[in-house]
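Residue numbers (the UniProt record's numbering), protein chains in the order written: chain A, 1 to 612; chain B, 1 to 493.
Each residue gets a CB set at the ideal place from its N, CA and C atoms; glycine is no exception.
What follows is a set of notes on a single structure, which appears directly below.
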Amino acid sequence: MAFPHRPDAPELPDFSMLKRLARDQLIYLLEQLPGKKDLFIEADLMSPLDRIANVSILKQHEVDKLYKVESKPAVSSSEQLCFLVRPRIKNMRYIANLVNADKLAGRTRKYKVIFSPQKFYACEMVLEEEGIYGDVSCDEWAFSLLPLDVDLLSMELPEFFRDYFLEGDQRWINTVAQALHLLSTLYGPFPNCYGIGRCAKMSYELWRKLEDEEDGETKGRRPEIGHIFLLDRDMDFVTALCSQVVYEGLVDDTFRIKCGSVDFGPEVTSSDKSLKVLLNAEDKNGRALLLCCRYTGEAGRYKLQFCVRRRGMDIKQMKNFVSQELKGLKQEHRLLSLHIGACESIMKKKTKQDFQELIKTEHALLEGFNIRESTSYIEEHIDRQVSPIESLRLMCLLSITENGLIPKDYRSLKTQYLQSYGPEHLLTFSNLRRAGLLTEQAPGDTLTAVESKVSKLVTDKAAGKITDAFSSLAKRSNFRAISKKLNLIPRVDGEYDLKVPRDMAYVFSGAYVPLSCRIIEQVLERRSWQGLDEVVRLLNCSELAFTDMTKEDKASSESLRLILVVFLGGCTFSEISALRFLGREKGYRFIFLTTAVTNSARLMEAMSEVKA
Amino acid sequence: MNRTKGDEEEYWNSSKFKAFTFDDEDDELSQLKESKRAVNSLRDFVDDDDDDDLERVSWGGEPVGSISWSIKETAGTSVSNHEGREQLKSRNSFSSYAPLPKPTSTYSLSSFFRGRTRPGSFQSLSDALSDTPAKSYAPELGRPKGEYRDYSNDWSPSDTVRRLRKGKVCSLERFRSLQDKLQLLEEAVSMHDGNVITAVLIFLKRTLSKEILFRELEVRQVALRHLIHFLKEIGDQKLLLDLFRFLDRTEELALSHYREHLNIQDPEKRKEFLKTCIGLPFSAEDSAHIQDHYTLLERQIIIEANDRHLEAAGQTEIFRKHPRKASILNMPLVTTLFYSCFYHYTEAEGTFSSPVNLKKTFKIPDKQYVLTALAARAKLRAWHDVDALFTTKNWLGYTKKRAPIGFHRVVEILHKNSAPVQILQEYVNLVEDVDTKLNLATKFKCHDVVIDTCRDLKDRQQLLAYRSKVDKGSAEEEKIDAILHSSQIRWKN
Numbered sequence: 001m002a003f004p005h006r007p008d009a010p011e012l013p014d015f016s017m018l019k020r021l022a023r024d025q026l027i028y029l030l031e032q033l034p035g036k037k038d039l040f041i042e043a044d045l046m047s048p049l050d051r052i053a054n055v056s057i058l059k060q061h062e063v064d065k066l067y068k069v070e071s072k073p074a075v076s077s078s079e080q081l082c083f084l085v086r087p088r089i090k091n092m093r094y095i096a097n098l099v100n101a102d103k104l105a106g107r108t109r110k111y112k113v114i115f116s117p118q119k120f121y122a123c124e125m126v127l128e129e130e131g132i133y134g135d136v137s138c139d140e141w142a143f144s145l146l147p148l149d150v151d152l153l154s155m156e157l158p159e160f161f162r163d164y165f166l167e168g169d170q171r172w173i174n175t176v177a178q179a180l181h182l183l184s185t186l187y188g189p190f191p192n193c194y195g196i197g198r199c200a201k202m203s204y205e206l207w208r209k210l211e212d213e214e215d216g217e218t219k220g221r222r223p224e225i226g227h228i229f230l231l232d233r234d235m236d237f238v239t240a241l242c243s244q245v246v247y248e249g250l251v252d253d254t255f256r257i258k259c260g261s262v263d264f265g266p267e268v269t270s271s272d273k274s275l276k277v278l279l280n281a282e283d284k285n286g287r288a289l290l291l292c293c294r295y296t297g298e299a300g301r302y303k304l305q306f307c308v309r310r311r312g313m314d315i316k317q318m319k320n321f322v323s324q325e326l327k328g329l330k331q332e333h334r335l336l337s338l339h340i341g342a343c344e345s346i347m348k349k350k351t352k353q354d355f356q357e358l359i360k361t362e363h364a365l366l367e368g369f370n371i372r373e374s375t376s377y378i379e380e381h382i383d384r385q386v387s388p389i390e391s392l393r394l395m396c397l398l399s400i401t402e403n404g405l406i407p408k409d410y411r412s413l414k415t416q417y418l419q420s421y422g423p424e425h426l427l428t429f430s431n432l433r434r435a436g437l438l439t440e441q442a443p444g445d446t447l448t449a450v451e452s453k454v455s456k457l458v459t460d461k462a463a464g465k466i467t468d469a470f471s472s473l474a475k476r477s478n479f480r481a482i483s484k485k486l487n488l489i490p491r492v493d494g495e496y497d498l499k500v501p502r503d504m505a506y507v508f509s510g511a512y513v514p515l516s517c518r519i520i521e522q523v524l525e526r527r528s529w530q531g532l533d534e535v536v537r538l539l540n541c542s543e544l545a546f547t548d549m550t551k552e553d554k555a556s557s558e559s560l561r562l563i564l565v566v567f568l569g570g571c572t573f574s575e576i577s578a579l580r581f582l583g584r585e586k587g588y589r590f591i592f593l594t595t596a597v598t599n600s601a602r603l604m605e606a607m608s609e610v611k612a
Numbered sequence: 001m002n003r004t005k006g007d008e009e010e011y012w013n014s015s016k017f018k019a020f021t022f023d024d025e026d027d028e029l030s031q032l033k034e035s036k037r038a039v040n041s042l043r044d045f046v047d048d049d050d051d052d053d054l055e056r057v058s059w060g061g062e063p064v065g066s067i068s069w070s071i072k073e074t075a076g077t078s079v080s081n082h083e084g085r086e087q088l089k090s091r092n093s094f095s096s097y098a099p100l101p102k103p104t105s106t107y108s109l110s111s112f113f114r115g116r117t118r119p120g121s122f123q124s125l126s127d128a129l130s131d132t133p134a135k136s137y138a139p140e141l142g143r144p145k146g147e148y149r150d151y152s153n154d155w156s157p158s159d160t161v162r163r164l165r166k167g168k169v170c171s172l173e174r175f176r177s178l179q180d181k182l183q184l185l186e187e188a189v190s191m192h193d194g195n196v197i198t199a200v201l202i203f204l205k206r207t208l209s210k211e212i213l214f215r216e217l218e219v220r221q222v223a224l225r226h227l228i229h230f231l232k233e234i235g236d237q238k239l240l241l242d243l244f245r246f247l248d249r250t251e252e253l254a255l256s257h258y259r260e261h262l263n264i265q266d267p268e269k270r271k272e273f274l275k276t277c278i279g280l281p282f283s284a285e286d287s288a289h290i291q292d293h294y295t296l297l298e299r300q301i302i303i304e305a306n307d308r309h310l311e312a313a314g315q316t317e318i319f320r321k322h323p324r325k326a327s328i329l330n331m332p333l334v335t336t337l338f339y340s341c342f343y344h345y346t347e348a349e350g351t352f353s354s355p356v357n358l359k360k361t362f363k364i365p366d367k368q369y370v371l372t373a374l375a376a377r378a379k380l381r382a383w384h385d386v387d388a389l390f391t392t393k394n395w396l397g398y399t400k401k402r403a404p405i406g407f408h409r410v411v412e413i414l415h416k417n418s419a420p421v422q423i424l425q426e427y428v429n430l431v432e433d434v435d436t437k438l439n440l441a442t443k444f445k446c447h448d449v450v451i452d453t454c455r456d457l458k459d460r461q462q463l464l465a466y467r468s469k470v471d472k473g474s475a476e477e478e479k480i481d482a483i484l485h486s487s488q489i490r491w492k493n
């Protein structure tokens, strides 16, 4: 990191233990099926599994061959089959086909299904319907916390977002509650709890219930982590929809970071093979990774710049530095040259898609000027058939910042979108509307205080009773008013010097302070929601913001500066960077717990009905 | 592993088991705490292997022992997988992962499980762990819950829901009266656990007539959403449509029906299916889209059959020169337009495949049409067509260049299709904004435009700067020099 932590910053708890626990639990489960066995692994579980175990560990526990659970049937000759899967209906059908084919062939084998992180009744129902309930034994591998970095825990559940925020399915709330319970058991109780959002509230309540049932478990322990903050993704879609310009974010947007590591293709490695690189904020010796990148806005022009964090070099200087001074440090040398390759490749891609104009449009949307110009930019984007996901993202950003599109624009953009990318996206638009990501202003819809009060009354009071035509979870975003209240668009006189960041806006080149991070900052400052009533109301969360502080004062001052932030529905690298910055400024340290690391493309894909 | 049933029983019983608490895993977390301590104290002699392994992941691509890699191997041996083989070669031999680099698991927590039957290894470890009592450090990991059935029928709704949340099999059969069922559902909803809500809904769906079920869910939105999602997931389309019909959610009903077309591969069948969607109660706006979808596919089927025939016959030049890369079926409208501008540009409006016909049928806006036609003709390097696209005649017969999309965009598209400088130059000159024009001209090396613009701006400094960028002794340099020496121009700097 560019700036060292303050000397009084608290130490982070050691989360590597979570990996060991998960690994040992898996080993135990494998041993429940003694003897040689073939293991079928769901694709989505492979990367997380890779981070806690390896083939030799599996082999030691008599796993013979490994297969991927996929659409085509696998030919395994083993007498025992073990399936390691997410609790999904299609996996159950896959297993059922396999077992039923065996039955037809008169073959008997032993089958075991290990659900991770937990089993769902709907899955068992399918097993029962397919007539194989009892033929397979079921187990759960409660592996729901994967440390991706020293301060980042991921549940690796990207489907959480769609399941909850689109379908309104609360199946993962128990998983979240269990994860919190595990953390509080291992690292002591959390004396101060805050949260905002319906899902946050429900997760919190269920977690409390778990704690109460296991009374006494955490009582009397000294807390290691002083605060916990739960936040629903739909409190702040805007931040997640913006193009990222911090280094990790850019890499994620460009190459897709998967489970904390990224595959750099030949264009980056400048050889003929791809390399997998693990991305950490700090290397093993606590040294910061050196790269970061910035947008500078000079006279309306935006420029992508990369610089080395500690040394303030540009790419050319960096290259020299790497070839001259780092010769001896082979590892560091290779890592840096790879990252430089990545930067160059990002630069190339970004200049090709006239990134300048894109960023300019985004900033205009955030600030709320030149709406017509931005709309026609988006239109052209669509007409030229530039990436469907990008176009969708921009439309959503326009919709949320403007409290919905005016009907004329909505119709015309939608029509052109369907013409450019396929009529079946009709379904995508319906999803986006339900999730509140892309809406149409009702006729005569303007933002008066009275009106939003009324709409708030309707949504809050009648929650769960009124039959909305779409039973929408969507709410008005009121972004503009919130932005004003929380001062999200910093006033910059002259140029924002990105080498000396002033505030969290640095993650968006000084143009915008992430809303989610600002909320967290404000609440932590006040130690409550007091004085934020207006913001809470604008967020449509009058009854969904909570504070819970324990009276007993056992928490050390050090623990009170350790804050666990729980993002329900995913968080972005930009948000992580912003809060890390805040931590350095205030002497806090943040720990991130997210259902998955996300970005704008993942959010849009989750809403898309047509799989690419 | 070779633990017998008896051993297992003894093992479980030896752990603190509280009767009648239904909380079989009561101790799980307290033991996790202990295992934390155990793990911490183990640190000294357990190799710090985690991070090392990860380092290896980062540098050797996927490490030899990695699971994803190994799965590729399995795939590679069953199907002759080229990629897999490549990787194999680069890693010397298959057996390279067979030797175990570090006997990690001897020290891992799991060894405690085996320790029961292999006292040797357990002993040595427990010696080291002097501060911990001689009891199991193992968390009661994932005990197969199905084995702990409880057939007692006396659970109250809240107890039942609690047991369900813990993943225990629990009979719901005793909830027979509607009131009991609904109470159970409400308990589940108030617990917030979606899995339990769905479990109760599965039961209700089985034991209530659908009219009653729907009626009760209509006033219970949270549960209703779970049922809808559940029906979508298991693919019970019929019941889902019935539900939407009951709820009078006509638009969702229509969309849900329409969604099915994605599962139909055969184009003719898909077309027929789309036809059935046309009359569905979509919003007025969406109805038009559905109609268009049907018409588009209908067209594509005709065009595809025709062109496949033409291509196979080999008589048509355009298909010989530029063989089709993919079928046009199920492509978006704009792609279809591009295709038709590419292969059927000159066709009369009467044919289905002509661009003008497509434009009319689908009311494609001018802007969109020009962009697409430009891209297609530029790709073919048909500069004459490009020219014609922007040329308009006024009533006096003068021609003028106009573009509904802005000439800077035109230039970009032309450049992307590697248009020659003369062509580019012509369009760069048409860009209105001087700054943009200068930028584009510089970017695409349209020297004349840059030089002329600088001259017009009377910007001597910029012209001087540009002089250093052009080749020595080139015509451009001469031109610049001539202008710089001209006495006619009043330079502003």
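Count the other C-beta atoms from every protein chain shown that fall within 10 angstroms of the C-beta of residue i, then say buried if there are 16 or more, exposed otherwise.
i, result
"V434 (chain B)", "exposed"
"V428 (chain B)", "buried"
"L290 (chain A)", "Any reading at L290 (chain A) needs caution, since the residue's pLDDT is 44, under 50, leaving its predicted position unreliable; the model's value is listed next. Counting Cβ neighbours within 10 Å, L290 (chain A) comes out buried, since at least 16 surround it."
"N493 (chain B)", "exposed"
"Q265 (chain B)", "exposed"
"R311 (chain A)", "The predicted model places R311 (chain A) with a pLDDT of 46, which falls under 50 and marks its position as unreliable; any figure quoted below should be read in that light. By the neighbour-count rule (16 or more Cβ atoms within 10 Å), R311 (chain A) is not buried but exposed."
"K408 (chain A)", "exposed"
"K373 (chain A)", "Checking the sequence shown, residue 373 (chain A) turns out to be Glu, not Lys. Burial call: exposed."
Which bits of chain B does residue i rub up against, with CB to CB less than 7 angstroms?
i, result
"K119 (chain A)", "G167"
"Y421 (chain A)", "P332"
"residue 646 (chain A)", "Look at the range of chain A in this structure, 1 to 612, and you will see that residue 646 (chain A) is not part of it."
"M202 (chain A)", "H192"
"Q385 (chain A)", "V334"
"I173 (chain A)", "H192, D193 and G194"
In chain A, which residues lie with their C-beta within 9 angstroms of the C-beta of residue i?
i, result
"G279 (chain B)", "None at all; the shortest Cβ gap to chain A is about 16 angstroms."
Kindly list, in the order they appear in chain B, the residues whose Cβ is closer than 9 angstroms to that of residue i.
i, result
"D409 (chain A)", "None at all; the shortest Cβ gap to chain B is about 13 angstroms."
"L427 (chain A)", "L255, Y258, R259 and L262"
With DSSP as the reference, label residue i as helix, strand or coil.
i, result
"A442 (chain A)", "coil"
"L54 (chain B)", "For L54 (chain B), the predicted structure reports a pLDDT of 38, less than 50, and the residue's modelled location is therefore unreliable. The matter cannot be settled from this model."
"L562 (chain A)", "strand"
"I212 (chain B)", "helix"
"G195 (chain A)", "strand"
Taking C-beta pairs closer than 7 angstroms, name the residues in chain A that residue i reaches, listed in chain order.
i, result
"A199 (chain B)", "Y121"
"E285 (chain B)", "R411"
My assumption, with CB atoms under 8 angstroms, is that residue i sits in contact with residue j. Please give the rounded CB distance.
i, j, result
"L227 (chain B)", "A254 (chain B)", "That belief does not hold up - the Cβ atoms of L227 (chain B) and A254 (chain B) are roughly 19 angstroms apart, past 8 angstroms."
Residues of chain B with a CB under 8 angstroms from the CB of residue i: which are they?
i, result
"V167 (chain A)", "Going by the sequence as given, residue 167 (chain A) is Glu instead of Val. Here the neighbours are R225, I228, H229 and K232."
Practice task
Jot down the residue ranges of each uninterrupted alpha helix (DSSP H) in the segment 51-123 of chain A, minimum 4 residues, whole runs only, in chain order.
Solution key: 55-60 and 89-104
Problem - Start-end ranges of the alpha helix (DSSP H) lying completely within the segment 354-398 of chain B, minimum 4 residues - result: 355-361, 366-379 and 383-390
Problem - Start-end ranges of the alpha helix (DSSP H) lying completely within the segment 252-306 of chain B, minimum 4 residues - result: 267-277
Problem - Ranges of the beta strand (DSSP E) found wholly within the segment 519-551 of chain A, counting only runs of at least 3 - result: 545-549
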